[in-house]
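Chains as they are written, first to last, in the numbering used here: chain A, 1 to 236; chain B, 237 to 647.
Ideal placement from N, C-alpha and C gives every residue a C-beta, glycine not left out.
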Amino acid sequence: MTSLDFSQIALLMQDASPLLPDPAYLPWLGQAAWALVVAAVVLGALWRQRPSVSNTRLLMAACLALWTFYPGPWGLSYWLGLAFQKPSLMACALALHYVVGYFGARIPFGSSQIHPVSNTAMGAVRIERIFLACALALGWILLIDTFGFLPFSVYAWGFHPVCSAGLLACALLAWVGTGRWHHLASSAPALLLLVLLVFWFLRWPSGNVWDAVLDPCLWIALHSFAIRRFLQRHKG
Amino acid sequence: MQVFSVLLRGAIALGFCALLAWADGARRAELLPARARTEPLPAFAESNAQTQAPSQQLSTQGIGHWERIGQGRIPMPPGVLAAHASALVALPVESQASMMAFWFAGDRESAPNVQIAMSTLDRASGVWSDAKLVVDRWDLAQQLGFGIRRLGNPVAWLDSQGQVHLYVVATGLGGWAAGRILHLRQRPAEAGQAIYFEPIDVLPLSWLWNISYLVRTAPLALTDGGAVLPAYFELVRKTSVAVRINGQGDFAGFNRILPNDQRNLQPALLALDESNWWALMRDAGPTGQIRMAKTQNGGRHWSDGGNLPLDNPNSSVATLSIGDQHLLVYNPLKAGRHVLDLAASQDGQRWVTVANLARGSEGREFSYPAIAMADGQLWVSYTEQREFIAWQRFAWVAGPPSAVAQSQGLP
Numbered sequence: 001m002t003s004l005d006f007s008q009i010a011l012l013m014q015d016a017s018p019l020l021p022d023p024a025y026l027p028w029l030g031q032a033a034w035a036l037v038v039a040a041v042v043l044g045a046l047w048r049q050r051p052s053v054s055n056t057r058l059l060m061a062a063c064l065a066l067w068t069f070y071p072g073p074w075g076l077s078y079w080l081g082l083a084f085q086k087p088s089l090m091a092c093a094l095a096l097h098y099v100v101g102y103f104g105a106r107i108p109f110g111s112s113q114i115h116p117v118s119n120t121a122m123g124a125v126r127i128e129r130i131f132l133a134c135a136l137a138l139g140w141i142l143l144i145d146t147f148g149f150l151p152f153s154v155y156a157w158g159f160h161p162v163c164s165a166g167l168l169a170c171a172l173l174a175w176v177g178t179g180r181w182h183h184l185a186s187s188a189p190a191l192l193l194l195v196l197l198v199f200w201f202l203r204w205p206s207g208n209v210w211d212a213v214l215d216p217c218l219w220i221a222l223h224s225f226a227i228r229r230f231l232q233r234h235k236g
Numbered sequence: 237m238q239v240f241s242v243l244l245r246g247a248i249a250l251g252f253c254a255l256l257a258w259a260d261g262a263r264r265a266e267l268l269p270a271r272a273r274t275e276p277l278p279a280f281a282e283s284n285a286q287t288q289a290p291s292q293q294l295s296t297q298g299i300g301h302w303e304r305i306g307q308g309r310i311p312m313p314p315g316v317l318a319a320h321a322s323a324l325v326a327l328p329v330e331s332q333a334s335m336m337a338f339w340f341a342g343d344r345e346s347a348p349n350v351q352i353a354m355s356t357l358d359r360a361s362g363v364w365s366d367a368k369l370v371v372d373r374w375d376l377a378q379q380l381g382f383g384i385r386r387l388g389n390p391v392a393w394l395d396s397q398g399q400v401h402l403y404v405v406a407t408g409l410g411g412w413a414a415g416r417i418l419h420l421r422q423r424p425a426e427a428g429q430a431i432y433f434e435p436i437d438v439l440p441l442s443w444l445w446n447i448s449y450l451v452r453t454a455p456l457a458l459t460d461g462g463a464v465l466p467a468y469f470e471l472v473r474k475t476s477v478a479v480r481i482n483g484q485g486d487f488a489g490f491n492r493i494l495p496n497d498q499r500n501l502q503p504a505l506l507a508l509d510e511s512n513w514w515a516l517m518r519d520a521g522p523t524g525q526i527r528m529a530k531t532q533n534g535g536r537h538w539s540d541g542g543n544l545p546l547d548n549p550n551s552s553v554a555t556l557s558i559g560d561q562h563l564l565v566y567n568p569l570k571a572g573r574h575v576l577d578l579a580a581s582q583d584g585q586r587w588v589t590v591a592n593l594a595r596g597s598e599g600r601e602f603s604y605p606a607i608a609m610a611d612g613q614l615w616v617s618y619t620e621q622r623e624f625i626a627w628q629r630f631a632w633v634a635g636p637p638s639a640v641a642q643s644q645g646l647p
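Next up, the structure:
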């Protein structure tokens, strides 16, 4: 049995020079990103304990978010960055979506999960399930790739504009297919689309589109979300 | 009505795509004037030193040999107990210093107070300056906005504008396996001002928080002004990677050298000609030899070259090509690092020992070498007992080696 030669496709995808963001903006962008994520996680965790909206909770989340801006080892982003570098644009978009929803005293997700699922359209729900499955699969592929178990580097493909253009096309198709004009910011395809647009202009956080759409922390959170969804459906 | 809606959305989407493609194209043209995406990787320049300082070209053709003309230790920063992993970079002829040496120094390897130390070699006097600590993790953390737990191996490179870039191992949450490669650039300094390196960012090499990528060996200069920076991954599997950096020292992509092998690390690149390169790697397996990978297309694709018939005890090596001669510094032992040799080859296959750089009793350590050319002379630095950075200097002398020259200067 002859082994498949992926070298040509690998070379095609690896020859692009990445466009990286200006390093001058990275520190405060990182702090702002972590502030958003921390605020959303705190609000989400409190909502899970007792579903209610209060100013005290908002104040707590705001204080923790402000803590991320504190410089040096006493600041939260110092340690978050040390361990996890920067959150993905998608994590930031989801966090922003959650926080804005919370401020509007309407929890957009119908539960405490940090995931933009709205059950207004069955087609959209199906697409969002597909998105979730794709995100989980992508994370596994990137993890396997990290340890060099693949004959080519999937992560390196993420620097190529063809890769981000392909993802953008998929997101556009999914958004066009959902048929929801009034829920632009509350569907996974729409959020992915916004994230990819921001990535296209800023190349944040690393110039690699995989880093923009999925980070390991978000991937772990999506596992937890998928398992809970699965259990809820089977209990139902 | 619904069909109209979908068509309208499709038109909006296409319009967006066109706008983005235009914006992306414009920005690419602005940021990357020297590199066309469709062009093959540029051929390498004959050696780091020759590219960086044209006056350092040296003919090693005909009968001749490398003769040791000096040796010593680079001064340590005051109060430093441990030193390891030196890197050398030759400077342009207009510079007052002909070479810079960097290494990590502190109480011990992976100690909290480890910093990157630097010393310069004065071109006129040939004397190494007092060492300075030029990179510390607290200052880096303040500028980057996130913490760095430890500092490790530095690698230095001179870009086409004459600025020195440092690629330094900086760990996150964990030991060396959580290391990342941090890129720093020398900030242009006024006369009399101290040399200062500003952090750029961590090189984006992996999705998993960039962890476990490290550097150790010198970049290979390319004719476009960029370079290939050898790096390696060492969590669970040890694999080497070739990182492309452009003329400004910024990250420009990477590929794996031997993705199917899981015990090679610290690749040292050796250019046999413009497009034929070898990567000589430390083998973490039981073979006790130097692992080798080959590329025939300037690093686009690598293939397994097996092991070189040279003993090496899972230890870092250094390489340099000068004209048609290839040089290798390595520990020629199955176990232990108490002997360090300089070897030369014309074809990369048959290696002849040129000089015994260091020889000690079992248990002593002479390791982690670096090699560079400056002002027509060959410089080798290496770690001595993890306490000092030692150096030796060689000159190319016509004619066969004399008996005196062959036996001189062993520590």
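Under the rule that 16 or more other beta-carbon atoms within 10 Å means buried, what is Thr274 (chain B), buried or exposed?
Looking up residue 274 (chain B) in the second sequence gives position 38. Unreliable placement is indicated for Thr274 (chain B), whose pLDDT of 25 sits below 50; no coordinate value is reported for it.
Would you report the Cα separation of Pro73 (chain A) and Val41 (chain A), rounded to the nearest angstrom?
Counting from 1 along the first sequence, the entry for residue 73 (chain A) is found at position 73. Counting from 1 along the first sequence, the entry for residue 41 (chain A) is found at position 41. Cα to Cα, the separation comes out at about 21 Å.
Assuming Gly44 (chain A) is part of the alpha helix (DSSP H), what are its boundary residues?
On the first sequence, residue 44 (chain A) is found 44 positions in, with the first residue counted as 1. Unbroken alpha helix (DSSP H) run through Gly44 (chain A): Leu26 to Gln49.
Can you find the residues in the same chain that come closer than 6 Å, C-beta to C-beta, to Ser581 (chain B), ignoring five residues on each side of it along the sequence?
Residue 581 (chain B) sits at position 345 when you count from the first residue of the second sequence. His562 and Trp587, listed in sequence order.
In three-state terms, what does DSSP make of Gly300 (chain B)?
For the purposes of this step, residue 300 (chain B) is identified with residue 64 of the second sequence, where counting begins at 1. Three-state DSSP puts Gly300 (chain B) in a strand.
Fully enclosed by the segment 578 to 616 of chain B, which beta strand (DSSP E) runs are 3 residues long or longer?
Those beta strand (DSSP E) runs which fall completely within the segment 578 to 616 of chain B and span 3+ residues are 588 to 595 and 602 to 610.
For Gly30 (chain A), return the contacting residues in chain B, with the cut-off set at a CB-CB distance below 8 Å.
Taking the first sequence and counting its residues from 1, one reaches residue 30 (chain A) at position 30. By Cβ distance, chain B contributes Gly381 and Phe382.
Please state the DSSP three-state secondary structure of Val370 (chain B).
As a first step, residue 370 (chain B) is located in the second sequence; it is residue number 134 there, counting from the start. Here Val370 (chain B) sits in strand by DSSP.
Any C-beta of chain B sitting closer than 7 Å to the C-beta of Trp219 (chain A)?
Working through the first sequence from its first residue, we reach residue 219 (chain A) at position 219. For Trp219 (chain A), the answer is no, since every Cβ of chain B falls outside 7 Å of its Cβ.
Out of curiosity, what's the CA-to-CA distance linking Ile493 (chain B) and Gly81 (chain A)?
Locating residue 493 (chain B) in the second sequence gives position 257, counting from the first residue. Locating residue 81 (chain A) in the first sequence gives position 81, counting from the first residue. Rounded to whole angstroms, Ile493 (chain B) to Gly81 (chain A) spans 29 Å at the Cα level.
With DSSP collapsed to three states, give me the class of Trp513 (chain B).
Locating residue 513 (chain B) in the second sequence gives position 277, where the first residue counts as 1. DSSP places Trp513 (chain B) in strand when its eight states are reduced to three.
At which residues does the beta strand (DSSP E) containing Val633 (chain B) begin and terminate?
As a working mapping, residue 633 (chain B) is identified with position 397 in the second sequence. Counting along the chain, the beta strand (DSSP E) containing Val633 (chain B) begins and ends at Phe624 to Ala634.
Under 6 Å Cβ to Cβ from Gly234 (chain B), same chain only, skipping five residues before and after it: list those, please.
Lying before the first or after the last residue shown, residue 234 (chain B) is absent from chain B, which here runs from 237 to 647.
If we define contact as Cβ-Cβ less than 7 Å, is Thr146 (chain A) a contact residue for chain B?
Here the question's residue 146 (chain A) lines up with position 146 in the first sequence. Yes, Thr146 (chain A) counts as interfacial toward chain B.
Any idea what DSSP makes of Leu544 (chain B), helix, strand or coil?
Here residue 544 (chain B) is taken as the residue at index 308 of the second sequence, counted from 1. Looking at Leu544 (chain B) - three-state DSSP - the assignment turns out to be strand.
If distances are taken between C-alpha atoms only, which option among B:Val363, B:Gln498, B:Phe340 and B:Pro466 comes closest to Leu441 (chain B)?
Taking the second sequence and counting its residues from 1, the one referred to as residue 441 (chain B) is at position 205. Checking every option, the nearest Cα to that of Leu441 (chain B) belongs to B:Pro466.
Grouping DSSP H, G and I as helix and E and B as strand, with all else coil, what is Leu76 (chain A)?
On the first sequence, position 76 is the one that residue 76 (chain A) refers to. Helix at Leu76 (chain A).
Skipping 5 residues on each side, what residues in its chain have a beta carbon closer than 8 Å to that of Gly166 (chain A)?
Within the first sequence, residue 166 (chain A) is the residue found at index 166, counting from 1. Taken in chain order, the list of residues that qualify is empty.
So is Glu601 (chain B) buried or exposed if we call it buried at 16+ other beta carbons inside 10 Å?
The residue you call residue 601 (chain B) lines up with position 365 of the second sequence. It counts as buried.
Could you work out which residues of chain A lie near Asp436 (chain B), taking near to mean beta carbons separated by less than 7 Å?
Position 200 of the second sequence, counted from the first residue, corresponds to residue 436 (chain B). Here residue 436 (chain B) is Ile; the residue named in the question, Asp, does not match the sequence. Under the 7 Å cutoff, chain A gives Pro23.
Run through chain A and tell me which residues come within less than 7 Å of Ala377 (chain B), C-beta to C-beta.
Residue 377 (chain B) sits at position 141 when you count from the first residue of the second sequence. Here the neighbours are Tyr78.
Show which residues of chain A have a CB atom less than 8 Å away from the CB atom of Asp395 (chain B).
Residue mapping note: residue 395 (chain B) aligns to position 159 of the second sequence, counting from 1. Going along chain A, no residue has its Cβ under 8 Å from Asp395 (chain B), so there is no contact; the nearest lies around 16 Å.
Give, in chain order, every unbroken run of the alpha helix (DSSP H) that is at least 4 residues long and sits entirely within the segment 397 to 456 of chain B.
Those alpha helix (DSSP H) runs which fall completely within the segment 397 to 456 of chain B and span 4+ residues do not exist here.
Does DSSP classify Leu506 (chain B) as helix, strand or coil?
Numbered from 1 along the second sequence, position 270 holds the residue referred to as residue 506 (chain B). Reduced to three states, the DSSP call for Leu506 (chain B) is strand.
Which residue's Cα is closest to the Cα of Leu439 (chain B): B:Tyr432, B:Gln429 and B:Val451?
Numbered from its first residue, the second sequence carries residue 439 (chain B) at position 203. The shortest C-alpha separation from Leu439 (chain B) is found at B:Val451.
From the DSSP output, which residues share a beta bridge with Lys474 (chain B)?
Working through the second sequence from its first residue, we reach residue 474 (chain B) at position 238. B:Arg499, per the DSSP bridge assignment.
Which whole-angstrom value is the C-beta distance of Ser322 (chain B) and Thr619 (chain B), which I expect to be below 8 Å?
Here the question's residue 322 (chain B) lines up with position 86 in the second sequence. Here the question's residue 619 (chain B) lines up with position 383 in the second sequence. Indeed, because the Cβ distance is near 7 Å, the residues count as touching under 8 Å.
Note the first and the last residue of the continuous beta strand (DSSP E) segment covering Val325 (chain B).
Mapped onto the second sequence, residue 325 (chain B) falls at position 89. That run of the beta strand (DSSP E) goes Ala318 to Ala326.
Comparing alpha-carbon positions, which option in B:Asp560, B:Asn512, B:Asp519 and B:Leu546 lies nearest Ser539 (chain B)?
Residue mapping note: residue 539 (chain B) aligns to position 303 of the second sequence, counting from 1. Ranking B:Asp560, B:Asn512, B:Asp519 and B:Leu546 by Cα distance to Ser539 (chain B) puts B:Asn512 first.
For Pro348 (chain B) and Thr407 (chain B), I'd like the C-alpha separation in whole angstroms.
On the second sequence, residue 348 (chain B) is found 112 positions in, with the first residue counted as 1. On the second sequence, residue 407 (chain B) is found 171 positions in, with the first residue counted as 1. Roughly 11 Å between the two C-alpha positions.
Relative to the C-alpha of Tyr468 (chain B), which candidate in B:Asp497, B:Gly485 and B:Asp460 has its C-alpha closest?
One-based indexing of the second sequence puts residue 468 (chain B) at position 232. It is B:Asp497.
Using the DSSP secondary-structure output, state which residues sit across from Asn491 (chain B) in a beta bridge.
Along the second sequence, one-based indexing puts residue 491 (chain B) at 255. Asn491 (chain B) pairs with B:Ala478.
Taking only beta-carbon atoms, is Pro189 (chain A) less than 7 Å away from chain B?
Locating residue 189 (chain A) in the first sequence gives position 189, counting from the first residue. Taking Cβ atoms only, chain B never reaches closer than 7 Å to Pro189 (chain A), which makes this a no.
Kindly list, in the order they appear in chain B, the residues whose Cβ is closer than 8 Å to that of Trp241 (chain A).
The shown model of chain A, from 1 to 236, leaves out residue 241 (chain A), and the question about it has no answer.
What does DSSP give as the partner residues of Gln379 (chain B) in its beta bridges?
Within the second sequence, the letter at position 143 stands for residue 379 (chain B). Partner(s): none; Gln379 (chain B) has no beta bridge.
Within 7 Å (strictly less), CB to CB, does Gly81 (chain A) reach chain B?
For the purposes of this step, residue 81 (chain A) is taken as residue 81 along the first sequence, with counting starting at 1. Gly81 (chain A) counts as touching chain B.
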